[in-house]
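Student: Everything in the sequence shown is counted per my numbering, starting at 2 for the first residue and increasing by one.
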Amino acid sequence: MAENEETVDTVEELNTSAPEAADSEVNDVDVDDVAEEATEEVEEELSSEELAGIRAAEALKKTLDHPETLSPRVQAAVKRTEEETRRVEKAVEGTKSNPSWFVPLFSFFLVLGLIWVIVYYITPNNGYPIPGIGYWNLAIGFAIMMIGFVLMMSWH
Numbered sequence: 002m003a004e005n006e007e008t009v010d011t012v013e014e015l016n017t018s019a020p021e022a023a024d025s026e027v028n029d030v031d032v033d034d035v036a037e038e039a040t041e042e043v044e045e046e047l048s049s050e051e052l053a054g055i056r057a058a059e060a061l062k063k064t065l066d067h068p069e070t071l072s073p074r075v076q077a078a079v080k081r082t083e084e085e086t087r088r089v090e091k092a093v094e095g096t097k098s099n100p101s102w103f104v105p106l107f108s109f110f111l112v113l114g115l116i117w118v119i120v121y122y123i124t125p126n127n128g129y130p131i132p133g134i135g136y137w138n139l140a141i142g143f144a145i146m147m148i149g150f151v152l153m154m155s156w157h
């Protein structure tokens with residue numbers, strides 16, 4: 002609960018510091034110029050709320066480029082955000098993924114085994130897929146499907 006209150010305080014400080022940052026000496030870019038560039042880049046006409054959001058985002062970006070102008074609470078919030086971003090990026094780097102051919106491979110085995118069993122049941126005198134081995138065709142079909150299931154268990 003206290004963390005939510007800190008977040009609300011941080012947002013309020015950022016909202017109050019954004020107009021101050023736009024007027025400070027640190028910012029060489031006029032916020033109105035940035036808003037005009039943004040409206041030229043966007044094909045659709047922007048509402049006043051969207052323009053205000055663009056102005057606030059640009060002012061905040063310029064302020065964050067010079068962290069010494071921020072209050073200690075906002076600096077702490079920025080550091081927490083940067084640390085969390087680093088942790089997430091590190092976690093994403095460590096994730097395992099399968100090659101692109103892996104899902105089609107185990108899907109192929111599952112479907113092939115199923116087709117093998119179906120062909121065995123629908124052919125007269127159970128002659129196919131391999132004539133003369135009888136019920137072993139079922140064992141082969143289920144073994145092929147089991148290969149697909151085993152591969153599926155290692156899918157990330």
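Quick reminder that beta carbons are idealized off the backbone N, C-alpha and C, glycines included.
Start and end of the alpha helix (DSSP H) containing Pro105?
Tutor: 103 to 123
Student: Taking 6 Å as the limit between beta carbons, can you name the residues of its chain near Leu113, skipping five residues before and five after?
Tutor: Ile145
Student: Would a C-beta distance cut-off of 7 Å place Phe103 and Ile148 closer than the cut-off?
Tutor: no
Student: On the three-state DSSP scale, how would you describe Lys91?
Tutor: Correct three-state label for Lys91: helix.
Student: On the premise that Leu139 lies in contact with Thr118, defined as a C-beta separation below 8 Å, what is that separation, rounded to the nearest angstrom?
Tutor: According to the sequence shown, residue 118 is Val rather than Thr. Right, the Cβ-Cβ distance comes to about 6 Å (below 8 Å), so this counts as a contact.
Student: Under the three-state reduction of DSSP, which class applies to Pro73: helix, strand or coil?
Tutor: Of the three classes helix, strand and coil, the one that applies to Pro73 here is helix, per DSSP.
Student: Could you tell me if Val75 is buried or exposed, where buried requires 16 or more neighbouring beta carbons within 10 angstroms of its beta carbon?
Tutor: Residue environment for Val75: buried (at least 16 other C-beta atoms within 10 angstroms of its C-beta).
Student: Looking at the structure shown, is Ile131 part of a helix, part of a strand, or coil, going by DSSP?
Tutor: coil
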